[in-house]
RNA sequence: GACCCCAUCGUCUAGUUAGGUCUAGGACACCAGCCUUUCACGCUGGCGACGCGGGUUCAAAUCCCGCUGGGGUCACCA
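In my numbering, the protein residues as written are 471 to 954.
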């Protein structure tokens, strides 16, 4: 008998809501909806260092904005909860112990140092990388004693050591790996938290997920997952690995080369339906060749087996064209509603207003004075270009400083506020032997396109991290190719 | 480096499962023109691809092999 289709999106709350998450969520959503099944949201927050509730909130928000509503999740509950992995610790512990008891997993006492050394040796020998199974031969009674004595350890999966491991992917068919190629994956970290591999398999099983649709980067750990299902004696779900979104140079999409935060697109004026429509086009083509369609149309026509395997380049130009098409379809009142929803909403306007208030002399001044708050990209005219170059530096050097500023300072800010931005900028100046005065004007021009603006930190705070990131990137790109 | 995945215009793709109907279709971008007080939209046309080499076959973009190229993975991150 046919089991109800259940799919899930399982993001890790460790940063901005990623466009790749939206992409994978869309396909999972579409399959569940067209089959009348359920779409589940599960938060994979087993990385205690990096997971934040702010990130989790942004993910909920981004998915809601896109209209990819879930039937079960941490916020709405459901019969298979809890849906946050940090709240499921006992479940993982119990299952991990089952595996140890049955001999499918074993404690490993290797130190960080030994592991680093091992890796260095393997690298020098240009051999295969991976754990060498050192602790696998420890007698189970002795291992139990050492654990009881409180010795630091992890739990590793005992993978088969020889033979072929054949796994199945919906789009690719059978994929086989030589067993020697796959090492004994850590299942439980020394802090007692499960790794992705363990938690993922247990949860997908317990939550009765029927189709695991995820990004292609997971395909090489599929043998470990399949082995886990076998060790538990569970029937594995259907696995389907989606191609990775790419930068223009075809490398895996990254924030260094592309805007990747859903927040960016939202603030830059993209419509959720256009985002979804474009993402759907990344790997799927309508039978009639139509390129503009709604989520409902997509759900109806979608065929998972028909997804193409080439890694699609995420092309802002085409996204923008599609967005324009969607905008033209809106009625005037609907367009007004959209404008008010995002850029012209009271919430945002009330943030911008105070910054302009004492600087304008007519109401009309407001618009010319604040226009950079309402656009996606800004242009740099000749005067701006000139002034954007840091004193005593060449344009390419300035570009490098901008990139450094992003990567080593701004990216790390979790609470994007005027205070934290100021602190970051000032300490960046100190660390890089720059006077605040020298850096701030170029940054101001980079993020606004002009020299006369409200106070820089407030401005950046209101613009939002994602818009600032991307404008700083564009500015760096402009400078890089500029002659001194 | 090892392993795995992938391979049609610059980009997204149709066609590949059942080889002929493919002198390879559509879309974005680009170019030209039309429409138009401008711009945009819209319309018309143009440019532009089966990575290479071997097979199999009467016939290959489609099947097989090799090569090349691109990507991913090789964490106590997901």
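Just so it is clear, CB atoms sit at the ideal spot from N, CA and C, and this is done for glycine as well.
Give a yes or no on whether the C-beta atoms belonging to residue i and residue j are separated by under 7 Å.
| i | j | result |
| --- | --- | --- |
| residue 419 | residue 586 | With the chain represented from 471 up to 954, any question about residue 419 goes unanswered, as that position is not in the structure. |
| residue 840 | residue 949 | no |
| residue 723 | residue 784 | yes |
| residue 696 | residue 645 | no |
| residue 902 | residue 683 | no |
| residue 813 | residue 872 | no |
| residue 759 | residue 778 | no |
| residue 658 | residue 664 | yes |
| residue 776 | residue 756 | no |
| residue 928 | residue 825 | yes |
| residue 685 | residue 641 | no |
| residue 701 | residue 565 | no |
| residue 692 | residue 493 | no |
| residue 478 | residue 510 | yes |
| residue 830 | residue 837 | no |
| residue 909 | residue 899 | yes |
Going by C-alpha to C-alpha distance, which of the options sits closest to residue i?
| i | options | result |
| --- | --- | --- |
| residue 504 | 768, 687, 803 | 768 |
| residue 609 | 931, 901, 571 | 571 |
| residue 507 | 541, 513, 633 | 541 |
| residue 858 | 584, 952, 751, 686 | 952 |
| residue 938 | 947, 913, 864 | 913 |
| residue 792 | 745, 559, 824 | 745 |
| residue 512 | 802, 921, 546 | 546 |
| residue 600 | 629, 607, 623 | 629 |
| residue 500 | 923, 475, 480 | 475 |
| residue 602 | 649, 635, 905 | 649 |
| residue 553 | 910, 897, 730, 516 | 516 |
| residue 919 | 884, 855, 904, 809 | 855 |
| residue 827 | 924, 606, 529, 584 | 924 |
| residue 581 | 623, 496, 799 | 623 |
| residue 633 | 643, 647, 639 | 647 |
| residue 643 | 652, 802, 689, 864 | 689 |
Could you have a look at residue i and say whether DSSP puts it in helix, strand or coil?
| i | result |
| --- | --- |
| residue 471 | Here residue 471 scores only 39 on pLDDT, less than 50, and its place in the model should not be relied on; the value that follows carries that caveat. In this structure, residue 471 counts as coil in the three-state DSSP scheme. |
| residue 477 | strand |
| residue 968 | Past the boundaries of the shown model lies residue 968; the chain is included only from 471 to 954, so the question cannot be answered. |
| residue 839 | helix |
| residue 943 | helix |
| residue 782 | coil |
| residue 952 | coil |
| residue 623 | coil |
| residue 574 | coil |
| residue 458 | Nothing about residue 458 can be read from this structure; the chain reaches only from 471 to 954. |
| residue 732 | helix |
| residue 511 | strand |
| residue 497 | helix |
| residue 727 | coil |
| residue 822 | helix |
| residue 722 | strand |
| residue 543 | strand |
| residue 506 | coil |
| residue 569 | helix |
| residue 639 | strand |
| residue 801 | coil |
| residue 712 | strand |
| residue 683 | strand |
| residue 743 | helix |
| residue 849 | coil |
| residue 937 | helix |
| residue 927 | helix |
| residue 678 | coil |
| residue 420 | This structure gives no information on residue 420, because the portion of the chain shown stretches from 471 to 954. |
| residue 656 | strand |
| residue 648 | strand |
How many whole angstroms separate the CB atoms of residue i and residue j, which I take to be in contact at a CB cut-off of 8 Å?
| i | j | result |
| --- | --- | --- |
| residue 576 | residue 613 | 7 Å |
| residue 764 | residue 743 | 6 Å |
| residue 562 | residue 669 | 6 Å |
| residue 579 | residue 616 | 6 Å |
| residue 714 | residue 781 | 5 Å |
| residue 921 | residue 945 | Contact doesn't hold; Cβ gap of about 13 Å is too wide. |
| residue 728 | residue 936 | Rounded, the Cβ-Cβ distance is 12 Å, inconsistent with contact. |
| residue 514 | residue 699 | Going by Cβ atoms, the distance from residue 514 to residue 699 rounds to 18 Å, so no, they are not a contact pair. |
| residue 805 | residue 797 | 7 Å |
Is it true that the stretch 663–674 meets the stretch 732–739, where meeting means three or more beta-carbon pairs spaced less than 8 Å apart?
-> Judged by Cβ distances under 8 Å, the stretch 663–674 makes no contact with the stretch 732–739, as fewer than three pairs qualify.
Could you tell me whether the stretch 845–855 touches the stretch 888–905, where touching means 3 or more Cβ pairs closer than 8 Å?
-> Too few Cβ pairs lie closer than 8 Å, so no.
Stretch-stretch touch, CB-based, cutoff 8 Å, three pairs: the stretch 675–685 with the stretch 707–724 = The stretch 675–685 is in contact with the stretch 707–724.
Could you say if the stretch 480–487 and the stretch 521–535 meet the contact criterion of at least three C-beta pairs nearer than 8 Å?
-> By the C-beta criterion, the stretch 480–487 is judged to be in contact with the stretch 521–535, since at least 3 inter-stretch pairs fall below 8 Å.
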